[in-house]
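> Quick note on our numbering: the sequence shown kicks off at 403 and runs consecutively.
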Amino acid sequence: MRKRVLSGTQPSGKLHVGNYFGAMSQHIAGQDEFESYIFIANYHALNTIQDPKLLRQLTLDVALDYLALGLDPNKACLYRQSDVPEVTELTWILSTVTGKGLLERAVSYKDKVAKGQAASMGLFCYPILQAADILIVGSDFVPVGKDQVQHIEMTADMAGYFNNTYGVNVLKQPVAKLNDAAVVPGLDGEKMSKSYGNTIDLFDTPKSAKKRIMSIKTDSAAVEDAKNPDTCNVFALLRLFATPEETAEWAMRYKAGGMGYGDAKKRVAELFEERFGPAREKREQLVKDASYVEDVLSAAGRKARGEAEKVMARVREACGIVVSGS
Ligand code: ADP
Ligand code: TRP
């Protein structure tokens, strides 16, 4: 039987090159090999988006982005988290077997609060909802960026707490799957993140994307100087787009000197356009076909919910929760 993978993306803003190489490209590549469940984490996004119209729009945007980038709805199940409302029920059940200490160790919670996000219970319990997403479809692997690995480990812990508490083997412990591009740097060399304003957005206009790429921060080495590719933000992005052969050539040009950072930036802009230009066009077509996108999401939602109901029946049975008629 094919292994199952599941991953989610929050509809909390425009998707960028870091999201793509850190997470989304893996989701799309996995559709041929795995039984893929890819969902739009709209319950999670309520922690930051508290405007209903905007949340609806951003949810649709993530669906459009995935479809435009090549996620094939005949291969992968692309659904809205809220079409599987049982995740909130499983979240509650997991919270009754999970110690507060586990959540207090979550790095991303501390980071977000340190950056000024409100310390709501939703933010604190976010890893439990994430665990429920994963466990409710019995996922084997979870392809994510490096910052999410701790949440996947916590998910495996929570599955273990539940199984041990009830002496069952109902919840499957998942494993995180990392890309080579564990952390993609932004324009300033910090981790690319929408909260740092240092992103290159996937569906930006060609002009604006190029302008942003040309503004990537570099050191002040002169054109003739030999340069170190390993510490250069431009090179870090270039290697994500270029073939291994081209990357090796650029590394030589860096080390030899006689090349300005502007040349490397121009090449990144070209490669960006080659990679995302066709997706931009496809997205423009998809925007005009709202009912197609809605049909894809609702059919996938029914499929995911069907899988979730099977796991939930076993979970309820294990812990003695009775729901009339089921
Ligand atoms: P942001 O930091 O822009 O808010 P998210 O936290 O919503 O991005 O990340 C969504 C997904 O994209 C996660 O799986 C995360 O690991 C991945 N991701 C985001 N930024 C990067 C990055 N700079 N490098 C690698 N992966 C990233
Ligand atoms: N926490 C993830 C992020 O911020 C999104 C997410 C929610 C997720 N549920 C998930 C990722 C389940 C993988 C599996 O990017």
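Each residue gets a CB set at the ideal place from its N, CA and C atoms; glycine is no exception.
Since I believe Lys684 is in contact with Ala508 (beta carbons under 8 Å), could you give me their beta-carbon distance rounded to a whole number of angstroms?
So it is not a contact: roughly 37 Å between Cβ atoms.
> Give the single residue among Ser610, Gln452, Gln483 whose Cα lies nearest to the Cα of Val464.
Residue Gln483 is the option with its Cα nearest to Val464.
> When DSSP labels each residue in this structure, what does Leu604 get in the three-state scheme?
Leu604 falls in the coil class under three-state DSSP.
> My guess is that Ile538 and Val489 are in contact by the Cβ rule of under 8 Å, so how many angstroms apart are they, rounded?
Contact flag correct, Cβ pair sits at about 6 Å.
> Report yes or no: do three or more beta-carbon pairs, one from the segment 672–684 and one from the segment 629–647, lie closer than 8 Å?
Enough Cβ pairs lie closer than 8 Å, so yes.
> Can Ser414 and Ala425 be called in contact, C-beta distance under 8 Å?
In this structure, Ala425 does not lie closer than 8 Å to Ser414 by Cβ.
> How many angstroms separate the CA atom of Gln452 from the CA atom of Phe526?
In a straight line, the C-alpha of Gln452 is about 17 Å away from that of Phe526.
> Please work out which residues of its chain come closer than 6 Å, Cβ to Cβ, to Arg406, disregarding the five sequence neighbours upstream and downstream, and give them in chain order.
So the qualifying residues of the chain are Glu437, Ser541, Asp542.
> From Leu573, Met616, Gly472, Ala561, pick the residue whose C-alpha is nearest to that of Tyr422; which is it?
Cα-wise, what sits closest to Tyr422 is Gly472.
> Asn630: buried (16+ other C-beta within 10 angstroms of its C-beta) or exposed?
Answer is exposed; the Cβ neighbour count stays below 16.
> Where do the N-terminal and C-terminal ends of the alpha helix (DSSP H) with Phe564 fall, by residue?
551–568 is the span of the alpha helix (DSSP H), which, as asked, contains Phe564.
> Is Glu626 helix, strand or coil when you go by DSSP?
Here Glu626 sits in coil by DSSP.
> For Gly410, list the residues DSSP reports as bridge partners.
Answer by DSSP bridge pairing, in chain order: Phe441.
> When you measure from the CB of Asp590 to every non-hydrogen atom of the ligand ADP, does any distance come out below 7 Å?
The answer is no for Asp590.
> Given Arg677, which residues of its chain have a CB within under 8 Å of its CB, disregarding the five upstream and five downstream residues?
Taken in chain order, the residues that qualify are Phe643.
> Run the proximity test for Ala558: is its beta-carbon closer than 7 Å to any non-hydrogen atom belonging to the ligand HEM?
For the ligand HEM, the structure offers nothing, since it holds only the ligand ADP and the ligand TRP.
> What is the C-beta distance between Val572 and Asn566, in whole angstroms, given that I count them as a contact (C-beta under 8 Å)?
Actually they are not in contact, since the Cβ atoms of Val572 and Asn566 sit about 11 Å apart, beyond 8 Å.
> Nearest to Ala658 by CA position, among Ala666, Ser726, Asp627, Phe605, is which residue?
It is Asp627.
> Which residue marks the beginning of the alpha helix (DSSP H) containing Phe674, and which one marks its end?
663–689 is the extent of the alpha helix (DSSP H) around Phe674.
> In terms of DSSP beta bridges, what is Val724 paired with?
Val724 is not bridged to any residue.
> Measure from the alpha carbon of Gly524 to the alpha carbon of each residue in Thr557, Trp494, Val636, then state which is nearest.
Ranking the options by Cα distance to Gly524, first place goes to Trp494.
> Out of Gly420, Gln412, Thr411, Val625, which has the shortest C-alpha to C-alpha gap to Tyr598?
Of the candidates Gly420, Gln412, Thr411, Val625, the one whose C-alpha sits nearest the C-alpha of Tyr598 is Gly420.
> Closest to Leu448 by CA distance: which of Leu480, Asp434, Leu531, Ser510 is it?
Comparing Cα-Cα distances from Leu448 to each of Leu480, Asp434, Leu531, Ser510, the minimum goes to Leu531.
> To the nearest angstrom, how far is the alpha carbon of Glu719 from that of Ser497?
Those two C-alpha atoms are separated by around 17 Å.
> Can you look up Leu642 in the DSSP assignment and give me helix, strand or coil?
The answer is helix: DSSP assigns Leu642 an H, G or I state.
> On the DSSP bridge assignment, give the partners of Cys479 in chain order.
DSSP, once it has assigned bridges, lists Tyr439 as partnering Cys479.
> With DSSP run on the structure shown, which of helix, strand or coil describes Leu580?
Of the three classes helix, strand and coil, the one that applies to Leu580 here is strand, per DSSP.
> Could you have a look at Lys502 and say whether DSSP puts it in helix, strand or coil?
Three-state result, Lys502: helix.
> Report the partner residues of His418 according to the DSSP bridge assignment.
Beta-bridge pairing links His418 to Asp603.
> Are Leu639 and Leu466 closer than 8 Å when you measure CB to CB?
Going by C-beta atoms, Leu639 is not nearer than 8 Å to Leu466.
> Should the segment 599–615 be called in touch with the segment 648–665, which here means at least 3 C-beta pairs below 8 Å?
Output reads no: the segment 648–665 does not touch the segment 599–615.
> Assuming contact is defined by CB atoms lying nearer than 8 Å, are Pro475 and Val698 in contact in what I supplied?
Yes. Within cutoff.
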